[in-house]
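**Student:**
Number of protein chains: 2
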Amino acid sequence: MANQNQLFAALADPTRRQVFERLIAGPAAVGELARGLPVSRPAVSQHLKVLKEAGLVADRAHGTRRIYHIDPHGLGALRAWLDQFWGNALAAFQAELEKEQEP
Amino acid sequence: MANQNQLFAALADPTRRQVFERLIAGPAAVGELARGLPVSRPAVSQHLKVLKEAGLVADRAHGTRRIYHIDPHGLGALRAWLDQFWGNALAAFQAELEKEQEP
DNA sequence: ACTATCCGTTAGAAATCACTTACGGTTAGT
DNA sequence: ACTAACCGTAAGTGATTTCTAACGGATAGT
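These protein sequences, in sequence, are chains A and B. As numbered in the numbering used here, residues 1 to 103 make up the first sequence, in order. As numbered in the numbering used here, residues 1001 to 1103 make up the second sequence, in order.
#1: So who's on the other strand from Ile67 (chain A), going by DSSP bridges?
#2: Against Pro108 (chain A), what residues of chain B qualify as contacts under a CB-to-CB distance less than 7 Å, listed in chain order?
#3: Can you name the residues of chain B whose CB is closer than 8 Å to the CB of Arg17 (chain A)?
#4: What is the C-beta distance between Leu37 (chain A) and Gln18 (chain A), in whole angstroms, given that I count them as a contact (C-beta under 8 Å)?
#5: Count the C-beta pairs between the region 63-83 of chain A and the region 1029-1044 of chain B that are closer than 8 Å, then say yes if the count reaches three, no if not.
#6: How would you write the range of the alpha helix (DSSP H) that Pro1038 (chain B) sits in, first residue to last?
#7: Are Leu1033 (chain B) and Leu1078 (chain B) touching if we call contact CB-CB under 8 Å?
#8: Near Gly1031 (chain B), which residues of its chain fall below 7 Å by C-beta distance, leaving aside the five closest residues on each side in sequence?
#9: Any beta carbon from chain B within less than 8 Å of Ala61 (chain A)'s own beta carbon?
#10: I'd like the list of long-range same chain contacts for Gly1074 (chain B), defined as Cβ closer than 7 Å, with 5 residues on each side in sequence excluded.
#11: Who are the neighbours of Ala12 (chain A) on chain B, taking C-beta pairs under 7 Å?
#12: Quick check on the DSSP output: the alpha helix (DSSP H) that includes Asn3 (chain A) runs from which residue to which?
#13: Let's test the definition: count the other Cβ atoms within 10 Å of the Cβ of Arg1060 (chain B) and tell me whether it reaches 16, buried, or not, exposed.
#14: Report yes if the CB atom of Asn5 (chain A) is closer than 8 Å to the CB atom of Ile1024 (chain B), and no otherwise.
#15: Report buried or exposed for Pro14 (chain A), applying the criterion of at least 16 other Cβ atoms within 10 angstroms of its Cβ.
#16: Might you give, ordered along the chain, the residues of its own chain that have their beta carbon closer than 7 Å to the beta carbon of Ser1045 (chain B), omitting 5 neighbours on each side?
#17: Would Pro1072 (chain B) and Phe20 (chain A) qualify as a contact pair, given that the criterion is a beta-carbon distance under 8 Å?
#18: Just the C-alpha distance for Leu1090 (chain B) and Gly76 (chain A), rounded to the nearest angstrom, thanks.
#19: Are the C-beta atoms of Glu1032 (chain B) and some chain A residue less than 8 Å apart?
#20: Drop a sphere of 10 angstroms on the beta-carbon of Ala80 (chain A), count the other beta-carbons inside from all chains shown, and report buried for 16 or more, exposed for fewer.
#21: Determine whether the Cβ of Phe85 (chain A) lies closer than 8 Å to any Cβ atom of chain B.
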């Protein structure tokens, strides 16, 4: 679970990113999330499934409602990917700039 | 150019991520990139277009070849997005953990 | 028990995406 | 000029995605 494909694909959808960012503000139930979005509740449910399989959110049953909250695993994996390339990417860009200034 | 949608959507495709990660190792022409991938050259060309519009790569004409290289704008935007939520996400998760231990 | 609320899943439709093939334009070399 | 190499774009196709509507299961309250 939570490979890079799932991770980036999950965050690629705008609605899904909106759901995720909303959950960072605090846990919420499916209905609450759907109320603030222009899509139906089942759609939100499906988005949450994708986010969950990517390791970005987790859920907990609370009565008849399911409370979703942030799962740090996903963001951690994303940060790890970014950190892996951040330094090298900047170095590569610098090298590119230098080559550009020698005719 | 380079809004979050384009950014995440660009990195969502595995082939596109492969192209991008290859370019971090150093600039390369389209044909070179295609040679190391299981897709055709036009496909790589289309992927590069998406990456370019997302601000992740840039190109420079060099003879008949177009040399693509990393553009730090894209990764910078990604890092900015991540930094914006990183602290809050961890805090939200911590708060969630505490609520879990009080029945 | 009965009812209302909340939710996940399924099925199907419309839209989007990634790919190949074919084509045309530009540059370097002879 | 002519040729060869390199590349972007257009057109078309099959697969994937996102959505809604409909259904069924589980829980809380009366």
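Think of the CB as a built atom: it goes at the ideal place given N, C-alpha and C, for glycine as much as any other residue. Since the model is a prediction, treat every value here as computed from it, not as a measurement.
**Tutor:** According to the structure shown:
#1: A:Ala29, A:Arg60
#2: Within the shown structure, residues of chain A are numbered from 1 to 103, placing residue 108 (chain A) beyond reach of any answer.
#3: Gln1004, Phe1008
#4: 7 Å
#5: no
#6: Unbroken run through Pro1038 (chain B): none, as it is neither H nor E.
#7: Cβ distance not < 8 Å, so Leu1033 (chain B) and Leu1078 (chain B) don't count as in contact.
#8: Arg1041
#9: no
#10: Ala1002, Leu1007, Ala1054, Gly1055, Leu1056
#11: Phe1008, Ala1009, Ala1012
#12: Premise fails: Asn3 (chain A) is in no alpha helix (DSSP H) and is neither H nor E.
#13: exposed
#14: no
#15: exposed
#16: Contacts found: Val1030.
#17: One thing to note: Pro1072 (chain B) has its Cβ no nearer than 8 Å to the Cβ of Phe20 (chain A).
#18: 10 Å
#19: no
#20: exposed
#21: Cβ-Cβ to chain B under 8 Å: yes for Phe85 (chain A).
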